[in-house]
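According to our numbering, the sequence shown is numbered sequentially starting from 15. Here a beta-carbon is modelled for each residue, glycine too, at the ideal position from N, C-alpha and C. If you're wondering where the values come from, they're calculated on a predicted model, not measured in any experiment.
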Amino acid sequence: MRVMCTVSAWPTHWYPMVAVLWGLQAAGHQVAVVCPPSQAAPVTRAGLTPAPVLAELDIAFLARLRNVFDAQAGAWPYDWPPPHPVTGAPMKAVAEFGYAEFTRAGAEKIARPVARNGRAAIAFAREYRPDLVLHEPLAMEGLLAARVVGVASAVHLWGPIGTHERDPAAASVVEYPVGSFAPHGAGAVALDTVGHVIDPCPEPLGPVVDAERLAVRYTPYNGPEEVPAWLLDPPTRPRVAVVWGTSLTAMYGPGSFAVPLILDALAGLDVEVVVCTSARDAAGVRYTRPGVRVVAELPLHLLLPTCAAVVHHGGAGCLMTAVATGVPQVVLPTGMDQPVNAARLAATGAAISVPRAGADPEAVRAAVAAVVGEPSYRAAAAALRRSNDDRGTPAELVGGLEKLAAR
């Protein structure tokens, strides 16, 4: 069968789908990944076939815009203003972003790309004639195209946020601006109208889903890189990974970069530290204490199995990779889906959440000491890993997807 998959311009949103797409290809099915041009190379490196026909929807702009709205409503938790939604530059006050600029930017960065993507996805589907369409929550043109051409579809979650969240804060994370889809006559194209959901989360993490749930094991893919030689040597002390997302500084401003704070916290512990962040952020880490290694773009599925704990921002990619590898976590949620991710993970006993807005070295140090030293956190993380391992593999999901396409 032919499978069409739509993805956004944010690699960590579609990385969780890679193993499922590999499984489909290995079973002899054709897979085309419909994507923006920026994702063509990453899709190719993942061993998949890109169809770069979508426009670039600026997700960082959407996040910064939401942050400005939060600041205007008094819900921005930081002592610096959010970055300018369009430029990403620091602002002295949110009033610097006015209504006229919002109107222009909204048309240029949201309305036009989304409308174009709807048309492009439908046109591709009509030519490609898929038997099944898969998409991630911020690539809803996949659902639109499936309805227009009359084939089955399923959305693939990237983490603990589900399709039918009751909490507005959780539901707003996966809202997609679908207003321009109405003229295509496909009905309401919204996440809570999907019929089938591929859920890679162990049950204790609890994404809220009211559609047919297709459970699958979370199988980490964090990009193609070499295994560095030093990673093959077992650590002589407990190894703690520090992972900071590539997008956070762009969305929340330079003040949100917590790696220096975390390193100050870990200085008082007898641990080895590996900082894993973007190349740009890694270049800005000035820390020379022995036992601290700073690396850029190291896939987490290679690093985390060697670690006693991981400290990170709460993004689903890092969180779920740590779940799959059974590593206790300390989460400093900054915004978007991260507070919900952190809360649901902490409720399992496998992590401690220290909100970024109030974090200080003492709180982070105490949290890391606890998850490394107290057996209950390791036991809870191991239980989550077993729960993940008990789910069917991506290869085993293929049969269910074949049946879905044949309905």
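- Message: Judging by CA-CA distance, which residue of Ile73, Thr26 and Glu311 is the nearest neighbour of Tyr8?
- Response: Only positions 15 to 421 of the chain appear in the structure, and residue 8 is not among them; the question remains open.
- Answer yes or no: do Val21 and Glu226 have a C-beta to C-beta separation smaller than 9 Å? On the sequence shown, residue 21 is found 7 positions in, with the first residue counted as 1. On the sequence shown, residue 226 is found 212 positions in, with the first residue counted as 1. No, the Cβ-Cβ distance between Val21 and Glu226 is not below 9 Å.
- Item | Own chain partners of Pro91 with C-beta closer than 6 Å, once the 5 adjacent residues on each side are dropped | By 1-based counting over the sequence shown, the position of residue 91 is 77. Around Pro91: Ala371.
- Report the residue from Thr260, Met334, Gly282 and Asp403 whose alpha carbon sits nearest the alpha carbon of Trp24. Here residue 24 corresponds to residue number 10 of the sequence shown, with the count starting at 1. Selected option, being the one with the closest Cα: Thr260.
- Message: Let's test the definition: count the other Cβ atoms within 10 Å of the Cβ of Val343 and tell me whether it reaches 16, buried, or not, exposed.
- Response: By 1-based counting over the sequence shown, the position of residue 343 is 329. Note on identity: in this sequence residue 343 is Gln, with Val being the wrong assignment. With 16 or more other Cβ atoms within 10 Å, it is buried.
- Query: If we call anything under 9 Å between Cβ atoms a contact, is Pro30 one with Ala409?
  - Reply: Looking up residue 30 in the sequence shown gives position 16. Looking up residue 409 in the sequence shown gives position 395. Against a cut-off of 9 Å, the Cβ pair of Ala409 and Pro30 comes out as no contact.
- Message: Excluding the 5 residues flanking Ala60 on each side, which residues of the same chain have their C-beta closer than 6 Å to its C-beta?
- Response: Within the sequence shown, the letter at position 46 stands for residue 60. Hits under 6 Å: Val32.
- In the DSSP assignment, what are the bridge partners of Glu376? Numbered from its first residue, the sequence shown carries residue 376 at position 362. According to DSSP, Glu376 bridges with nothing at all.
- Coil, strand or helix - Cys19 by DSSP: Numbered from 1 along the sequence shown, position 5 holds the residue referred to as residue 19. DSSP places Cys19 in strand when its eight states are reduced to three.
- Message: By the DSSP assignment, the beta strand (DSSP E) with Glu226 in it spans what residues?
- Response: Working through the sequence shown from its first residue, we reach residue 226 at position 212. Counting along the chain, the beta strand (DSSP E) containing Glu226 begins and ends at Glu226 to Ala229.
- Task: From the DSSP output, read off the bridge partner residues of Cys290.
- Result: To locate residue 290, count along the sequence shown from 1; it is residue 276. DSSP output for Cys290 lists Val257 and Val309 as bridge partner(s).
- Message: Cutting at 8 Å between CB atoms, please list the residues of its own chain near Ala54, excluding the five before and the five after it.
- Response: The sequence position of residue 54 within the sequence shown is 40, counting from 1. Excluding residues within five positions, the ones whose Cβ falls inside 8 Å are Pro64 and Pro66.
- Message: Using CA atoms only, rank isn't needed, just tell me which of His198, Gly237, Arg126 and Ala183 is closest to His27.
- Response: Position 13 of the sequence shown, counted from the start, is the residue given in the question as residue 27. For the residues His198, Gly237, Arg126 and Ala183, the minimum Cα distance to His27 belongs to Gly237.
- When the distance is taken between beta carbons, is Leu245 closer than 9 Å to Gly414? Taking the sequence shown and counting its residues from 1, one reaches residue 414 at position 400. Taking the sequence shown and counting its residues from 1, one reaches residue 245 at position 231. It is not a contact, given that the beta carbons lie outside the stated cut-off.
- Item | Thr213: first and last residue of the uninterrupted alpha helix (DSSP H) it sits in | By 1-based counting over the sequence shown, the position of residue 213 is 199. What sits at residue 213 in the sequence shown is Asp, not Thr. Taken as a continuous stretch (DSSP letters only), Asp213 belongs to no alpha helix (DSSP H), being part of the beta strand (DSSP E) at His210 to Asp213.
- Query: Any idea if Thr263 is buried or exposed, counting beta-carbon neighbours within 10 angstroms, 16 or more meaning buried?
  - Reply: Your numbering for residue 263 matches position 249 in the sequence shown. Thr263 comes out buried.
- Message: For Ala378 and Leu275, which I take to be in contact (beta-carbon distance under 8 Å), what is that distance rounded to the nearest angstrom?
- Response: The sequence position of residue 378 within the sequence shown is 364, counting from 1. The sequence position of residue 275 within the sequence shown is 261, counting from 1. One point to set straight first is that residue 378 is Val, not Ala, in the sequence displayed. Right, their Cβ atoms sit about 7 Å apart.
- Would you kindly work out how many angstroms separate the C-alpha atoms of Ala426 and Gly120, rounded to a whole number? Here the chain has residues from 15 to 421 only, and residue 426 is not among them.
- Message: So if DSSP puts Val169 in a beta bridge, which residue, or which two residues, is it bridged to?
- Response: Here residue 169 refers to the residue found at position 155 when the sequence shown is read from its first residue. Paired residue(s): His149 and Val211.
- Can you tell me which of the three DSSP states His27 falls into? Locating residue 27 in the sequence shown gives position 13, where the first residue counts as 1. Helix at His27.
- Message: With a threshold of 8 Å on Cβ separation, who are the neighbours of Leu38 within its own chain once the five nearest residues in sequence on each side are excluded?
- Response: Translated into the one-based positions of the sequence shown, residue 38 becomes position 24. Excluding residues within five positions, the ones whose Cβ falls inside 8 Å are Val17, Val45, Val412 and Leu415.
- Message: Going residue by residue through the region 44-131, where are the continuous beta strand (DSSP E) segments of at least 3 residues, counting only ones entirely within it?
- Response: 44-48
- Which residues does DSSP pair with Ala202 in a beta bridge? Position 188 of the sequence shown, counting from 1, holds the residue named residue 202. None; Ala202 has no bridge partner.
- Item | Gln352, buried or exposed, once every other Cβ within 10 Å from all chains shown has been counted against 16 | Position 338 of the sequence shown, counting from 1, holds the residue named residue 352. Buried.
- Message: Could you pull the DSSP bridge partners for Ile366 from this structure?
- Response: Here the question's residue 366 lines up with position 352 in the sequence shown. The partner list for Ile366 (beta bridge, DSSP) reads Val344.
- Keeping to the same chain, check which residues put their C-beta closer than 6 Å to that of Gly269; ignore five residues upstream and five downstream. Stepping through the sequence shown from its first residue, residue 269 is reached at position 255. Around Gly269: Trp94.
- Length of the line joining the Cα atoms of His43 and Lys123: As a working mapping, residue 43 is identified with position 29 in the sequence shown. As a working mapping, residue 123 is identified with position 109 in the sequence shown. Near 35 Å, if we compare the C-alpha coordinates of Lys123 and His43.
- Query: When we look at the beta-carbon of Gly193 and count the other beta-carbons within 10 Å, is it buried (16 or more) or exposed?
  - Reply: One-based indexing of the sequence shown puts residue 193 at position 179. Exposed, since its Cβ has fewer than 16 Cβ neighbours within 10 Å.
- Message: Within a Cβ cutoff of 7 Å, which residues of the same chain sit near His178, ignoring the five residues on either side of it in sequence?
- Response: Residue mapping note: residue 178 aligns to position 164 of the sequence shown, counting from 1. Within the same chain, His178 has close Cβ partners Asp206, Val222, Val223 and Asp224.
- Simplified DSSP state of Ala397, which is helix, strand or coil: Counting from 1 along the sequence shown, the entry for residue 397 is found at position 383. Ala397 falls in the helix class under three-state DSSP.
- Message: Alpha carbons only, please: which of Val162, Leu333 and Ala310 is nearest the one belonging to Ala139?
- Response: Your numbering for residue 139 matches position 125 in the sequence shown. That would be Val162, whose Cα lies nearest to the Cα of Ala139.
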